[in-house]
Amino acid sequence: YRTVRLILGDQLNSQHSWFNSTDETVLYVIAELKQETTYVKHHIQKLCAFFSAMENFAQELTHKGHQVLHLTLDETEHFSSIIELLASITAGANADVLEYQQPDEYRLLTQLRKLLPQALGETQINETSSEHFLIPLEKIRTYVKPQQHNRMESFYRKMRKRFDILMDGESPEGGQWNYDSQNREKIKTKDLAHIPQPMMFGTAADAYFQRIKAHNIPYFGEYDAYLLWPVTRTQSLQLLDYFCEYCLPNFGRFQDAMIGDHPFQWSLYHSRLSFSLNTKQIHPMEVITAAIQAYRSAPTVITLPQVEGFVRQILGWREYIRCVYWINMPEYPNTNELSAHNKLPEYFWDGSTKMACMKQAIDQSLKYAYAHHIQRLMVTGNFCLLTGISPEEVNAWYLGIYIDAIEWVEMPNTQGMSLFADGGYVATKPYSASGNYINKMSDYCKHCFYDIKQKTSENSCPFNSLYWNFMHKHQTRLANNPRNIMIYRNWNKLGAETQQATLARAQWCIDNLSSL
Ligand code: FAD
Ligand code: SF4
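Basically the UniProt record's numbering = 1-based index in the sequence shown + 6.
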């Protein structure tokens, strides 16, 4: 072989220009690696899904005539790192070129850039784009600035214009950039019968599970012998079609809704395409184009507010979050603006809590390695924000538990959007909310041990007192924000006695976090 090309587990992009033609002198390497399975404790379904998708990708490339070396943990266990492995393969193949696609994680990019030249000596090293994101890594600086707030809305509008998506000349299609006011409804009893059944796949996972156990890779979460996540490009495209037909018509409408006690409550109208996207089995523009085509061919079924709401997530949020990550690395994980140092309670790992909303979000995350955005942000994330859990612990949980969790997207969402640990790079103010918000968007409170209407009693909803405690504690920082003026006015109206009782109840909750 003349050239060795590395393919990482989240670079399963069969549309990459590398694969435009076959070349017998190029050897592709796809390897299960201990270093990638142990930097945090992962959900077992996430580990199995990655291994399965990698193996399928190796087979797909082989069928297309490429030379592929697919290595399992059994074959890579004696190498202490990816660098050692690559040095050995390059030497064994007698190759004089090693190529890799830019990793999306700072940790890996630095490792490859710094250590490969030393380890490979004379071998030529070429770094190339992963050709996945809409903004090339080198161009990020022209879109966002470091260590400051960059407005997602401005970013998103720029992207709409730049890629001519849902545009009518220079104006947004339909005259508005954003249709949120027509979306974001609660699911009512009459809507329950229409919730679509989630498409699941059922790929056998036992071989991966046995291997993970045999190599003592730490894991958690419920194991299922069959993977429900799409582990091939064909499955990813099937899921995309399914989403456009059954979920997109109500995507924006129920985007923030939460329900319990329904077999499909965990997936609702969400696409669950994040694993396919983050492993690069499908391209973001492919997803956007499919959604817009579905809208154009059935505009009475899929309205503009539904499709715009979805496009915003991919063209806006996903690209924006990645820019925020790179522009603020490597300092990003060290931010802790609100000095949060508490420990994550045990029930994050087993769901044993009396709070119905938290139980639902955690149980389903352990069962499916998935929770939708509002559960992550306004239930578990909000709880960690209000109780001052250390960002490091919260990041480790989010990075481990979700099928789609990769640091570039997990960290700005957790550190920034959810915990406000960055002091506002992502959000202009913390996404803090009392139980009222959860009650407004879900039916959880009806069946909860705690009383949503109370804030000071022994069985009062913890979110209520914790919310006021949070707002009170950070008053100097938050009171200047015009969007908080009414909130502080309401706090002051409560009177000293109720305020004291609310703060005392919150303190009790914080002192007894693990028994809530
Ligand atoms: P849908 O609701 O169907 O949305 C469609 C797509 O839009 C998603 O697949 C995703 O690619 C994109 N998207 C939507 N919101 C965001 C966002 N805020 N940031 C980036 N992309 C977005 N997303 C991840 O992909 N990986 C993570 O590790 C991750 N961690 C998160 C942690 C926290 C605390 C929070 C609040 C959010 C996190 N998100 C993460 C963002 C979002 O919750 C998930 O992308 C989404 O829930 C995935 O499910 P879905 O594919 O059904 O999304
Ligand atoms: Fe959650 Fe409070 Fe509602 Fe219980 S009462 S489900 S803890 S918001």
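Glycine included, C-beta positions come from ideal geometry on N, C-alpha and C.
(Q) Rounded to whole angstroms, what is the Cα-Cα separation between Leu18 and Val293? (A) Between the C-alpha atoms of Leu18 and Val293 there is a straight-line separation of about 16 angstroms.
(Q) Could you give the first and the last residue of the continuous beta strand (DSSP E) run that contains His76? (A) Looking at the DSSP string, the run of the beta strand (DSSP E) that includes His76 is 73–77.
Q | Asn465 Cβ short of 7 angstroms to the ligand SF4 heavy atom set | A | Short note on Asn465: C-beta not closer than 7 angstroms to any heavy atom of the ligand SF4.
Q: Report whether the distance from the Cβ of Glu191 to the nearest heavy atom of the ligand FAD is below 7 angstroms.
A: Using a cutoff of 7 angstroms, the CB of Glu191 does not count as near the ligand FAD, since none of the ligand's heavy atoms is closer than that.
Q) Are the beta-carbon atoms of Cys363 and Tyr450 separated by less than 8 angstroms? A) In this structure, Tyr450 lies closer than 8 angstroms to Cys363 by Cβ.
Q) Alpha carbon to alpha carbon, what distance is there between Arg239 and Ala64? A) For Ala64 and Arg239, the gap between their C-alpha atoms comes out near 12 angstroms.
(Q) Only counting the same chain, and skipping five residues up and downstream in sequence, which positions put a Cβ closer than 8 angstroms to that of Ile380? (A) Closer than 8 angstroms at the Cβ level, and outside the excluded window around Ile380, lie Gln261, Asp262, Ala263, Met264, Met447.
Q: Note down, in chain order, each residue of its chain lying with its Cβ closer than 8 angstroms to the Cβ of Ala300, except the 5 sequence neighbours on either side.
A: Answer for Ala300: Cys250, Glu251, Leu254, Ile308, Val313, listed in chain order.
Q | Sub-8 angstroms separation of Phe139 and Lys70 beta-carbons | A | No. Outside cutoff.
Q) Does the Cβ-Cβ distance between Leu91 and Phe85 come in under 8 angstroms? A) Taking 8 angstroms as the Cβ cut-off, Leu91 and Phe85 qualify as a contacting pair.
**Q.** Span separating the alpha-carbon of Asn156 from that of Phe476
**A.** Taking the straight line joining both Cα atoms gives about 25 angstroms.
Q. According to the Cβ coordinates, are Ile218 and Thr44 closer than 8 angstroms?
A. The answer is no: Cβ separation not under 8 angstroms.
Q: Just the C-alpha distance for Ile171 and Ile320, rounded to the nearest angstrom, thanks.
A: Cα to Cα, Ile171 sits roughly 12 angstroms from Ile320.
Q) What residues come near the ligand SF4, if near means a beta carbon less than 5 angstroms from any of its heavy atoms? A) Those residues are Met361, Ala362, Cys363, Gly441, Ile444, Tyr450, Cys451, Cys454, Tyr456, Ile458, Cys467, Phe469, given in chain order.
**Q.** Touching by the beta-carbon criterion (3+ pairs, under 8 angstroms), the segment 366–376 and the segment 183–194
**A.** With the cut-off at 8 angstroms, the segment 366–376 and the segment 183–194 do not touch.
Q. What alpha helix (DSSP H) runs, 4 residues minimum, are completely inside the segment 108–145?
A. If we require 4 residues or more, the alpha helix (DSSP H) runs fully inside the segment 108–145 come out as 112–126.
Q.
Tell me the DSSP secondary structure of Ser345 in three-state form.
A. Residue state, collapsed to three classes: coil.
Q | Outcome for Gln506 when other beta-carbon atoms lying within 10 angstroms are tallied against a minimum of 16 | A | Burial is judged here by how many other beta carbons sit within 10 angstroms of a residue's own beta carbon; Gln506 has fewer than 16 and is exposed.
Q) From which residue to which residue does the alpha helix (DSSP H) around Thr9 run? A) Here Thr9 belongs to no alpha helix (DSSP H); instead the beta strand (DSSP E) covers 9–12.
Q: Can you have a look at Pro351 and say buried or exposed, based on whether 16 or more other CB atoms are within 10 angstroms of its CB?
A: Here Pro351 is buried. Its C-beta has 16 or more other C-beta atoms within 10 Å.
Q: Assign Met384 to one of three DSSP states: helix, strand, or coil.
A: Met384 falls in the helix class under three-state DSSP.
Q. What's the C-alpha gap between Glu66 and Ile89?
A. Roughly 25 angstroms between the two C-alpha positions.
Q. So what's residue 548 in DSSP terms, helix, strand or just coil?
A. Because the chain is modelled from 7 through 522, residue 548 falls outside the range shown and cannot be assessed.
(Q) Is Asn19 near the ligand FAD - that is, is its Cβ less than 7 angstroms away from at least one heavy atom of it? (A) Incorrect: Asn19 has no Cβ contact closer than 7 angstroms to the ligand FAD.
Q) Would the segment 134–151 and the segment 322–336 be scored as touching if the rule is three or more Cβ pairs under 8 angstroms? A) Contact between the segment 134–151 and the segment 322–336 is present, because at least three Cβ pairs lie under 8 angstroms.
Q) Given 8 angstroms as the limit, is there contact between the segment 396–409 and the segment 336–345, that is, 3 or more CB pairs closer than that? A) Counting C-beta pairs closer than 8 angstroms gives three or more between the segment 396–409 and the segment 336–345, which meets the contact rule.
Q: Ignore the nearest five residues each way along the sequence and tell me which others in Val150's own chain have a CB closer than 8 angstroms to its CB.
A: Non-local C-beta neighbours of Val150 in its own chain, meaning closer than 8 angstroms and more than five positions away in sequence, comprise Asn156, Phe161, Tyr326, Cys329, Val330, Ile333, ordered along the chain.
Q) Which residue or residues does DSSP assign as beta-bridge partners of Asp174? A) BP columns for Asp174 point to Ser177.
Q.
Within 10 Å of its beta-carbon, does Gly15 have 16 or more other beta-carbons around it, so buried, or fewer, so exposed?
A. Gly15 should be labelled buried.
**Q.** Cross-strand partners of His48 (DSSP beta bridge)
**A.** DSSP, once it has assigned bridges, lists Tyr225 as partnering His48.
Q: Report yes if the C-beta of Glu144 is less than 7 angstroms from at least one heavy atom of the ligand FAD; otherwise report no.
A: Because no heavy atom of the ligand FAD lies under 7 angstroms away, the Cβ of Glu144 does not count as near it: no.
Q) In angstroms, rounded to a whole number, what distance separates the CA positions of Asp102 and Pro109? A) So the two alpha carbons sit approximately 22 angstroms from each other.
Q.
Give the list of continuous alpha helix (DSSP H) stretches no shorter than 4 residues that lie fully inside the segment 388–463.
A. Here the runs fully enclosed are 388–392, 397–407, 413–417, 441–447.
Q) Can at least three beta-carbon pairs, one atom from the segment 196–208 and one from the segment 272–291, be found at a separation below 8 angstroms? A) Yes, since at least three Cβ pairs between the segment 196–208 and the segment 272–291 fall closer than 8 angstroms, the two stretches touch.
Q. Under the rule that 16 or more other beta-carbon atoms within 10 Å means buried, what is Arg318, buried or exposed?
A. Residue environment for Arg318: buried (at least 16 other C-beta atoms within 10 angstroms of its C-beta).
Q: Please indicate yes or no: does the CB of Met291 lie closer than 7 angstroms to some heavy atom of the ligand FAD?
A: No, the beta carbon of Met291 sits no closer than 7 angstroms to any heavy atom of the ligand FAD.
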